[in-house]
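Participant: So the sequence shown is numbered by the numbering used here: it starts at 6 and just counts up by one. For every residue, glycine included, the Cβ atom is placed at its ideal position computed from N, Cα and C.
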Amino acid sequence: MTAPGFDDLSQAFEAWRVVRLGGREYVDAVVAPGHRGPSPQLKHALKRWPGAHYWTDRDRTGLVLVRPVAGERGERWWLHLLLAFVTVICALGAGATLAGVWAPTAELSRYGALGGALLSGFHFFGDVMRGGWRDILPGASFAFPLLAILLVHELGHYFTARRYGIDTSPPFFLPVPPSLSPIGSLGAFIRMRSPVLDRRQLLDVGAAGPLAGFVVTLVVLWLGYSHSEGLTLGAETAGEYVTYAGRHIYLGDSLLTMALRRHFFPDAVAVYLSPMAFAGWVGAFVTALNLVPLSQLDGGHVLYAMFGKRQTTIGAAALIALLLLGQSSPSWWVWAILALLIGGGRWTHPSVLTPERPVPPGRRWIGWACILVFALTFVPVPFVL
Ligand SMILES: [Zn+2]
Numbered sequence: 006m007t008a009p010g011f012d013d014l015s016q017a018f019e020a021w022r023v024v025r026l027g028g029r030e031y032v033d034a035v036v037a038p039g040h041r042g043p044s045p046q047l048k049h050a051l052k053r054w055p056g057a058h059y060w061t062d063r064d065r066t067g068l069v070l071v072r073p074v075a076g077e078r079g080e081r082w083w084l085h086l087l088l089a090f091v092t093v094i095c096a097l098g099a100g101a102t103l104a105g106v107w108a109p110t111a112e113l114s115r116y117g118a119l120g121g122a123l124l125s126g127f128h129f130f131g132d133v134m135r136g137g138w139r140d141i142l143p144g145a146s147f148a149f150p151l152l153a154i155l156l157v158h159e160l161g162h163y164f165t166a167r168r169y170g171i172d173t174s175p176p177f178f179l180p181v182p183p184s185l186s187p188i189g190s191l192g193a194f195i196r197m198r199s200p201v202l203d204r205r206q207l208l209d210v211g212a213a214g215p216l217a218g219f220v221v222t223l224v225v226l227w228l229g230y231s232h233s234e235g236l237t238l239g240a241e242t243a244g245e246y247v248t249y250a251g252r253h254i255y256l257g258d259s260l261l262t263m264a265l266r267r268h269f270f271p272d273a274v275a276v277y278l279s280p281m282a283f284a285g286w287v288g289a290f291v292t293a294l295n296l297v298p299l300s301q302l303d304g305g306h307v308l309y310a311m312f313g314k315r316q317t318t319i320g321a322a323a324l325i326a327l328l329l330l331g332q333s334s335p336s337w338w339v340w341a342i343l344a345l346l347i348g349g350g351r352w353t354h355p356s357v358l359t360p361e362r363p364v365p366p367g368r369r370w371i372g373w374a375c376i377l378v379f380a381l382t383f384v385p386v387p388f389v390l
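(1) Taking three-plus beta-carbon pairs below 8 Å as touching, is the region 134-148 in contact with the region 95-111?
(2) May I ask you to check if the CB of D303 is nearer than 7 Å to at least one heavy atom of ligand 1?
(3) Should T382 be labelled buried (16 or more other beta-carbon atoms within 10 Å of its own) or exposed?
(4) For D203, collect the residues of the same chain with a Cβ closer than 6 Å to its Cβ; drop the 5 residues on either side in sequence, then sort them by chain order.
(5) Buried or exposed for P109, please, with buried defined as at least 16 other CB atoms from any protein chain shown within 10 angstroms of its CB.
(6) For V221 versus F290, is the C-beta distance shorter than 8 Å?
(7) If L392 sits next to A50, beta carbons under 8 Å apart, how far is it from one beta carbon to the other, in whole angstroms?
(8) Could you tell me which residues DSSP pairs with E30 in its beta bridges?
(9) Which term fits Q371, buried or exposed, when burial requires 16 or more other beta carbons within 10 angstroms of its beta carbon?
(10) Residues in the same chain with beta-carbon distance under 8 Å from G126, minus the five sequence neighbours each way, listed in chain order, please.
(11) How many angstroms separate the CA atom of R198 from the CA atom of R29?
(12) Is any heavy atom of ligand 1 found at a distance shorter than 7 Å from the C-beta of H85?
(13) In or out: T237 buried (at least 16 other Cβ within 10 Å) or exposed?
(14) Under 7 Å from any heavy atom of ligand 1, does the C-beta of P215 make it?
(15) Who are A57's beta bridge partners in DSSP?
(16) Run the CB neighbour count on W352, radius 10 Å, all protein chains shown included, and call it buried at 16 or more, exposed below.
(17) Return the chain-ordered list of same chain residues with a C-beta closer than 8 Å to the C-beta of D64, the five sequence neighbours on each side being excluded.
(18) Exposed or buried, V24, counting other C-beta atoms within 10 Å across all chains shown (16 or more means buried)?
(19) Quick one: is the Cβ of H232 within less than 7 Å of any heavy atom of ligand 1?
(20) If you draw a straight line from the alpha carbon of A96 to that of V224, how long is it in whole angstroms?
(21) Is L261 closer than 8 Å to P387 when the C-beta atoms are compared?
(22) Tell me the DSSP bridge mates of E393?
(23) Regarding H253 and ligand 1, is the C-beta to nearest heavy atom distance less than 7 Å?
(24) Is H128 near ligand 1, with its Cβ less than 7 Å from a heavy atom?
(25) Among residues of its own chain, excluding the 5 on either side of G56, which ones have a beta-carbon nearer than 7 Å to its beta-carbon?
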C-alpha cells in the first residue's frame with residue numbers, strides 16, 4: 006500500500022518498484038511513452054504526491070518519487086539555536102582578539118598551557134555574562150563573515166537534502182572558547198538520518214555545501230583583502246599573517262589567496278590580514294578541507310557520485326598525499342585521522358541504495374565545479390611555523 010493518489014500516478018507508469026527504508030518510501034518508475042512530456046495527467050498526479058520527485062534522465066523515461074512514511078521526528082531547535090548562539094559569542098571573542106582590542110585572560114594552571122587555556126575558556130563565559138560581551142563586539146567583522154560562510158555551507162547541504170526528501174537535521178555548530186581556538190569554533194555539520202538513494206542525490210547534496218559556502222567566501226575575501234595592510238619593508242614573513250593575543254600566526258597560500266594578494270598588493274612582501282580577510286582565509290581553508298576526496302567528507306561524496314568505485318583508488322591516493330604533506334604541516338595528520346573517524350574508519354565511500362544509476366550527464370559539471378573549487382582553495386602548508 007502506498008500513498009493516496011498513487012493509483013493515478015501508476016497509470017502513467019510502465020513498471021515500478023517500491024522500496025521502504027529508514028522511514029522513507031522510494032518509488033522507482035519507468036514512465037509510459039505517452040506520459041513522458043510529462044502529460045497533463047501525470048503533472049496533475051505529481052502535484053498531489055506528498056513528497057519529492059525527479060527525473061533520472063533527459064528523455065524523461067525514469068522517475069523517482071520519495072516520501073516520508075514514518076512520523077517525522079521533532080527537531081531539538083533549542084539545541085541548534087543554543088549551539089549557534091554560544092558559537093557567535095566564541096567567534097566574537099576570537100574576532101576581538103584578532104582585532105587587538107581584547108584578549109582571553111591567560112590563566113596559570115599547574116596542568117600547563119592546555120590546562121590554562123581550558124580554565125580561561127571556562128572563565129570566558131562568566132566574563133561575557135558579567136558585561137564582558139561589550140568588549141568583544143568589535144569582533145563582529147570576523148565573527149559574522151566566518152559564521153555566514155559556515156552557515157551557508159551547511160544550509161546548502163540541508164536544503165538540497167530536503168529537496169530530495171532526505172531526513173536531515175538542522176546544522177549543529179561547535180563552539181570553542183577563544184583561548185583554545187583563534188576562530189572560536191570547530192565548524193558545523195548536519196546529520197542525514199535517511200539513506201541517500203542514488204549518485205545524483207549524493208552529488209547534489211555533497212556539492213551544494215562547498216559551492217554555496219565558496220560564493221560567500223569569495224565576497225568575504227574580496228572585502229577583507231581590500232581592508233588589509235600590505236607591508237613592503239621590515240616584514241618578518243613573505244606571505245600572510247594575523248596576530249592573535251600577541252602572537253603572529255603565519256598562514257599558507259592557496260591559488261586563490263595568492264591571486265588576491267597579487268591583485269591588491271602587487272608590491273607588498275607580506276600582508277597583515279584584516280579580521281574579515283582572515284575569516285575568508287578560514288572559509289576557503291574549510292572549503293578545501295571538506296573537499297578532500299576521502300571517505301565521507303564532501304569531497305568523498307562528490308567523487309563517489311562522479312566516479313563510483315574508482316573513488317577507492319583516488320581516496321587512497323589522497324590519504325597518502327595527506328600523510329606526506331603532514332611532514333611539512335602536521336595538521337594534515339590530524340585531518341587524515343578525523344576524516345577516517347567521520348567515515349567510520351574507512352577511506353572509501355559507502356554505497357548508495359541504487360549505485361548503478363549514474364549521474365545524468367547534464368549534472369556532471371557540478372562535480373567538476375567542486376574539483377575546481379578544491380584546486381583554488383587547497384592550502385598545501387596551512388600554518389607556517
Ligand atoms: Zn560540507
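Facilitator: According to the data block:
(1) yes
(2) Position 298 of the sequence shown, counted from the start, is the residue given in the question as residue 303. D303 Cβ: within cutoff of ligand 1.
(3) Sequence index remark: in the sequence shown, residue 382 carries index 377 (1-based). Per the 10 Å Cβ criterion, buried.
(4) Counting from one through the sequence shown, the residue named residue 203 turns up at place 198. So the qualifying residues of the chain are V357, T359 and R362.
(5) Counting from one through the sequence shown, the residue named residue 109 turns up at place 104. Its Cβ being crowded by 16 or more others within 10 Å, P109 is buried.
(6) In the sequence shown, counting from the first residue as 1, residue 221 sits at position 216. In the sequence shown, counting from the first residue as 1, residue 290 sits at position 285. No, the pair does not count as a contact, with Cβ atoms beyond the cut-off.
(7) Outside the shown range of the chain (6 to 390) lies residue 392, about which nothing can therefore be said.
(8) Locating residue 30 in the sequence shown gives position 25, counting from the first residue. R25 and R72, per the DSSP bridge assignment.
(9) Sequence index remark: in the sequence shown, residue 371 carries index 366 (1-based). Here residue 371 turns out to be Ile, not Gln, going by the sequence shown. The residue is buried, with at least 16 neighbouring Cβ atoms inside 10 Å.
(10) Looking up residue 126 in the sequence shown gives position 121. So the qualifying residues of the chain are P109, V181, P182, P183, S184 and L185.
(11) Along the sequence shown, one-based indexing puts residue 198 at 193. Along the sequence shown, one-based indexing puts residue 29 at 24. R198 and R29: Cα-Cα distance of roughly 10 Å.
(12) As a first step, residue 85 is located in the sequence shown; it is residue number 80 there, counting from the start. No, Cβ of H85 sits at least 7 Å from all heavy atoms of ligand 1.
(13) The residue you call residue 237 lines up with position 232 of the sequence shown. Exposed is the call here.
(14) In the sequence shown, counting from the first residue as 1, residue 215 sits at position 210. True, at least one ligand heavy atom lies under 7 Å from that Cβ.
(15) Translated into positions along the sequence shown, residue 57 becomes position 52. V71.
(16) On the sequence shown, residue 352 is found 347 positions in, with the first residue counted as 1. Under this definition W352 is a buried residue.
(17) Here residue 64 is taken as the residue at index 59 of the sequence shown, counted from 1. Counting only Cβ-Cβ distances below 8 Å, and skipping sequence neighbours, we find R41.
(18) Here residue 24 corresponds to residue number 19 of the sequence shown, with the count starting at 1. Label assigned to V24: exposed.
(19) Against the sequence shown, residue 232 aligns to sequence position 227. Answer for H232: no, Cβ out of range of ligand 1.
(20) On the sequence shown, position 91 is the one that residue 96 refers to. On the sequence shown, position 219 is the one that residue 224 refers to. Their Cα atoms are separated by approximately 19 Å.
(21) In the sequence shown, residue 387 corresponds to position 382, counting from 1. In the sequence shown, residue 261 corresponds to position 256, counting from 1. No, they are not a contact pair.
(22) Because the chain spans 6 through 390 in this model, residue 393 falls outside it and cannot be assessed.
(23) In the sequence shown, residue 253 corresponds to position 248, counting from 1. Answer for H253: no, Cβ out of range of ligand 1.
(24) Here residue 128 refers to the residue found at position 123 when the sequence shown is read from its first residue. No, since every heavy atom of ligand 1 falls outside the 7 Å radius drawn around the Cβ of H128.
(25) Mapped onto the sequence shown, residue 56 falls at position 51. Same-chain partners within the cutoff: L70, V71, R72, P73 and G170.
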